[in-house]
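**Student:** Here the protein sequences line up with chains F and H, keeping their order. Quick note, the first sequence lines up with residues 1 to 217 if you use the UniProt record's numbering. Quick note, the second sequence lines up with residues 1 to 314 if you use the UniProt record's numbering.
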Amino acid sequence: MSQISTVAVPGQLLGSTSKYIPGPGTHVHNSNLYASILGPVTATVPPKPAGPQKRLTKITPAAPAPLPTVSIDRNLSEAGPGKDGTIAKAEILPEVNSTVLCRVTRITPRQASVAILVVGETVLDGEWQGLIRVQDVRATEKDKVKIFESFRPGDIVRAVVISLGDQANYYLSTASNHLGVIMATSEAGNAMYPVSWKEYKDPETGMSENRKVAKPF
Amino acid sequence: MADRRRINGPTGGTSAPVFSKYVIKSPEDGSDRPSRTRPGNVPRKMFLKTGVTPSASGSAYLELEASKQSLTSTRGLASLSTSGLKLTCTVHGPRPLPKSAPFSPHIILSTHVKYAPFATRKRRGYIRDSTERDLGVHLETALRGVIIGDRWPKSGVDVIITILEGEEDQWWGDDRGRAAAGAEEWGMMSVLSGCVTVASAAIVDAGIDCVDVVSGGVAAIIREPKGSLMSTMLVLDPVPSEHQEILAACVVAYLPGRDEITDLWVRGEIGPLRSSEKSFSYEDLANNAVQAALGSHRVLVGALKETAEMKMHH
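#1: If you count every other CB in all the chains shown that lies within 10 Å of the CB of Q135(F), and 16 or more means buried, which is it?
#2: Along chain A, which residues have their Cβ under 8 Å away from the Cβ of K99(H)?
#3: Consult DSSP for D263(H) and reduce its assignment to one of helix, strand or coil.
#4: Leaving out five residues before and five after N41(H) in sequence, what residues of the same chain have Cβ atoms less than 7 Å from its Cβ?
#5: Across the segment 204 to 213 of chain H and the segment 281 to 290 of chain H, are there enough close Cβ pairs to call them in contact, namely three or more that are closer than 8 Å?
#6: For E95(F), write down the residues that DSSP places opposite it in a beta bridge.
#7: Could you check which residue in T262(H), P96(H), E65(H), T197(H) has the C-alpha nearest to that of L117(F)?
#8: Using 8 Å as the limit for Cβ to Cβ distance, is S36(F) near chain H?
#9: Just to confirm my understanding: we take V299(H), look at its own chain, exclude 5 residues before and 5 after, and list those with CB closer than 6 Å. What are they?
#10: Which value, in whole angstroms, describes the spacing of the CA atoms of E78(F) and M310(H)?
#11: Could you tell me whether the Cβ of L117(F) comes closer than 8 Å to any Cβ of chain H?
#12: Can Y171(F) and R133(F) be called in contact, C-beta distance under 8 Å?
#13: Establish whether the CB of S228(H) and some CB of chain F are separated by less than 8 Å.
#14: Give the DSSP bridge partners of C195(H), in chain order.
#15: Would you kindly check if the distance between the Cβ of V104(F) and the Cβ of V119(F) is under 8 Å?
#16: Can you tell me where the beta strand (DSSP E) holding Y200(F) begins and where it ends?
#17: If you measure from the beta carbon of P203(F) to each beta carbon in chain H, is any gap under 8 Å?
#18: Since H138(H) is in the beta strand (DSSP E), which residue starts that stretch and which ends it?
#19: Output needed in chain order: residues of the segment 4 to 21 of chain F with a Cβ under 9 Å from some Cβ in chain H.
#20: According to DSSP, Y254(H) sits in a beta bridge with which residue or residues?
#21: With L124(F) as the anchor, note down where its alpha helix (DSSP H) starts and where it stops.
#22: Determine the contact status of A219(H) and I246(H), defining contact as a CB-CB distance below 8 Å.
#23: Taking A308(H) as the query, report the chain F residues whose CB atoms sit under 7 Å from its CB, ordered along the chain.
#24: How is the alpha helix (DSSP H) around M310(H) delimited, first residue to last?
#25: Contact criterion: CB-CB distance below 8 Å. Does I148(H) meet it with respect to chain F?
#26: Judging by CA-CA distance, which residue of A303(H), E306(H), T50(H), L294(H) is the nearest neighbour of P43(H)?
#27: If you drop the 5 nearest sequence neighbours on each side, which residues of the same chain put their C-beta closer than 6 Å to that of M189(H)?
#28: At the 8 Å Cβ level, is L179(F) part of the contact set with chain H, yes or no?
#29: Using a Cβ-Cβ distance under 8 Å, would L93(F) count as near chain H?
#30: Report yes or no: is there a C-beta of chain H within less than 8 Å of the C-beta of L164(F)?
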């Protein structure tokens, strides 16, 4: 990985598309690469494919060398040696296929409304609305899913974005083993621990409640 | 619509008083009249700094050097200042759209420009008037062509500019004699140009993807006496109070990287001219405004690089 230690300003020419692949924070105009945000420019060369080389059965021209990807770091303070360890706010949006953490705000028989709090590793500034529909709660026996037995308001849920959705909501899904409720409180108000793929238990009262439980690591 | 929540002054706005002991000569005499000391092709010095408002996603402050007062009689009298533009801009976003808003595959840009009540000699109201709305629309046009909107679906961004010190439309001495309505709003032109530059800095500070950094520039054709005759002249970054007569002025929002203009606003008319006067075309006017924009672009890029350095090594 080579580092071009320059700071780019939006609109700055970074090179031709025949030499670089556009990464995050850049855009292409007239087959040239330009910066689109303020920040340090990095050029990353993709690693050579590992593994045993195939025995040559015929002579072919050598595969073109992979082009380096030019990108600009969105998180300025993290790129530098931040001493105080504060997490700088870098505004990003939930995208399709990104894993998010959210809090359940409201449930109805057909869907659970959630507020998206974290995308990937980034804590969001604002709260974005999401929706987990009853058919997206789990992958099997979808017809037997009951929202009330999967989520309760206040639960923290790990989910994946399946669509940007309509005007207000992102559509989320928990249809995978590692997705579902990761933190839940009981009706008595105690933090619970998961005991099976569909149950959380209150350590004090011993009562168990139904949830769509995310697989612990 | 009346503002019922605050105690307001007269609706028409008032001028700060000019006490006669400061005015040694009568304004009709004209010797107190400020005049441009810079050469025609030199814009005012500019100060630009980003990250001034911690609570906003991005912010910037812009100040233009106040023109020097050569007159001792009016020194230190704020109400007689000829100019020194001061703008602050905050950018909030990208943030979720309100629930009632329809789905948008790109970012929704909204701009608000507001004069502080004390920004000009004539006091401004608290509610946005038509001038401020006009500036907002122009600013939105200028910025819309720069932002890469589809990188931020379903989100909105608010650009809010407060004008702390505005540009006067004319010299205060002229203001006294004539009805205030008679003057064209020349001050708006430099204000818009400043708004474009400061908003551009704040948007980049907020980390919103842009095609280029847009900067604003103004040029004007002025008429002034030269000897016994009148002559016309093209000047960059005009201060309206320094000129007796402005024939036409032009603001551009310019992208130097792409050589594109996202907003163009021409006001006034060049002709008809007297035989002694040099004629200019509107194209000359626009080209010179672009030159002024290039000047502010240099300041803009310098300020942004400073921001990046500071954020990386804080």
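Positions of the beta carbon are idealized from the N, C-alpha and C atoms, including for glycine.
**Tutor:** Working from what's here:
#1: Position 135 of the first sequence, counted from the first residue, corresponds to residue 135(F). Result: exposed.
#2: Included in the structure are the protein chains F and H, with no chain A among them.
#3: Here the question's residue 263(H) lines up with position 263 in the second sequence. Assignment of D263(H) by DSSP, reduced to helix, strand and coil, places it in the strand class.
#4: The residue labelled residue 41(H) in the question sits at position 41 within the second sequence. L236.
#5: No: fewer than three Cβ pairs fall under 8 Å.
#6: Stepping through the first sequence from its first residue, residue 95(F) is reached at position 95. Bridge partners of E95(F): none, in fact.
#7: Start at 1 with the first residue of the first sequence, and residue 117(F) comes out as number 117. Measuring from the Cα of L117(F), the nearest candidate turns out to be P96(H).
#8: Taking the first residue of the first sequence as 1, we reach residue 36(F) at position 36. It does; some Cβ of chain H falls within 8 Å.
#9: Sequence index remark: in the second sequence, residue 299(H) carries index 299 (1-based). Exclusion of the five residues before and after V299(H) leaves M46, L48 as the residues of its chain whose Cβ lies within less than 6 Å of its Cβ.
#10: Position 78 of the first sequence, counting from 1, holds the residue named residue 78(F). Position 310 of the second sequence, counting from 1, holds the residue named residue 310(H). With a pLDDT of only 45 at E78(F), under the threshold of 50, the placement of this residue in the model should not be trusted, and no figure is reported.
#11: Here the question's residue 117(F) lines up with position 117 in the first sequence. Contacts with chain H at 8 Å (Cβ-Cβ) do not include L117(F).
#12: Start at 1 with the first residue of the first sequence, and residue 171(F) comes out as number 171. Start at 1 with the first residue of the first sequence, and residue 133(F) comes out as number 133. Closer than 8 Å, so yes.
#13: The sequence position of residue 228(H) within the second sequence is 228, counting from 1. Under the 8 Å criterion on CB atoms, S228(H) is classed as non-interfacial with respect to chain F.
#14: Numbered from 1 along the second sequence, position 195 holds the residue referred to as residue 195(H). Checking the DSSP bridge columns, you'll see C195(H) has no partner listed.
#15: Stepping through the first sequence from its first residue, residue 119(F) is reached at position 119. Stepping through the first sequence from its first residue, residue 104(F) is reached at position 104. No, Cβ-Cβ distance for V119(F) and V104(F) is not below 8 Å.
#16: For this step, residue 200(F) is matched to residue 200 along the first sequence. Taken as a continuous stretch (DSSP letters only), the beta strand (DSSP E) holding Y200(F) covers 199 to 201.
#17: Here residue 203(F) corresponds to residue number 203 of the first sequence, with the count starting at 1. With 8 Å as the cut-off, P203(F) does not count as an interface residue toward chain H.
#18: Translated into the one-based positions of the second sequence, residue 138(H) becomes position 138. Taken as a continuous stretch (DSSP letters only), H138(H) belongs to no beta strand (DSSP E), being part of the alpha helix (DSSP H) at 130 to 144.
#19: Going along the segment 4 to 21 of chain F in chain order, one finds V7, A8, V9, P10, G11, Q12, L13 with a Cβ nearer than 9 Å to chain H.
#20: Residue 254(H) sits at position 254 when you count from the first residue of the second sequence. Y254(H) pairs with S215(H), I261(H).
#21: To locate residue 124(F), count along the first sequence from 1; it is residue 124. Note, L124(F): premise wrong, no alpha helix (DSSP H); beta strand (DSSP E) at 122 to 133.
#22: Within the second sequence, residue 219(H) is the residue found at index 219, counting from 1. Within the second sequence, residue 246(H) is the residue found at index 246, counting from 1. Taking 8 Å as the cut-off, the Cβ atoms of A219(H) and I246(H) do not count as close.
#23: As a position in the second sequence, residue 308(H) is number 308, starting the count at 1. Taking a Cβ-Cβ threshold of 7 Å, the residues of chain F close to A308(H) are V7, L38, G39, L76, in chain order.
#24: Here the question's residue 310(H) lines up with position 310 in the second sequence. Unbroken alpha helix (DSSP H) run through M310(H): 282 to 312.
#25: Taking the first residue of the second sequence as position 1, residue 148(H) is located at position 148. I148(H) counts as touching chain F.
#26: Working through the second sequence from its first residue, we reach residue 43(H) at position 43. Among A303(H), E306(H), T50(H), L294(H), the Cα nearest to that of P43(H) is on L294(H).
#27: Taking the first residue of the second sequence as 1, we reach residue 189(H) at position 189. Shown here for M189(H): same chain residues with a beta carbon closer than 6 Å to its own, the five before and five after excluded, namely V218, A249, V251 in chain order.
#28: Here residue 179(F) refers to the residue found at position 179 when the first sequence is read from its first residue. Output row for L179(F): interface = no.
#29: Translated into positions along the first sequence, residue 93(F) becomes position 93. Output row for L93(F): interface = yes.
#30: On the first sequence, residue 164(F) is found 164 positions in, with the first residue counted as 1. Yes, L164(F) counts as interfacial toward chain H.
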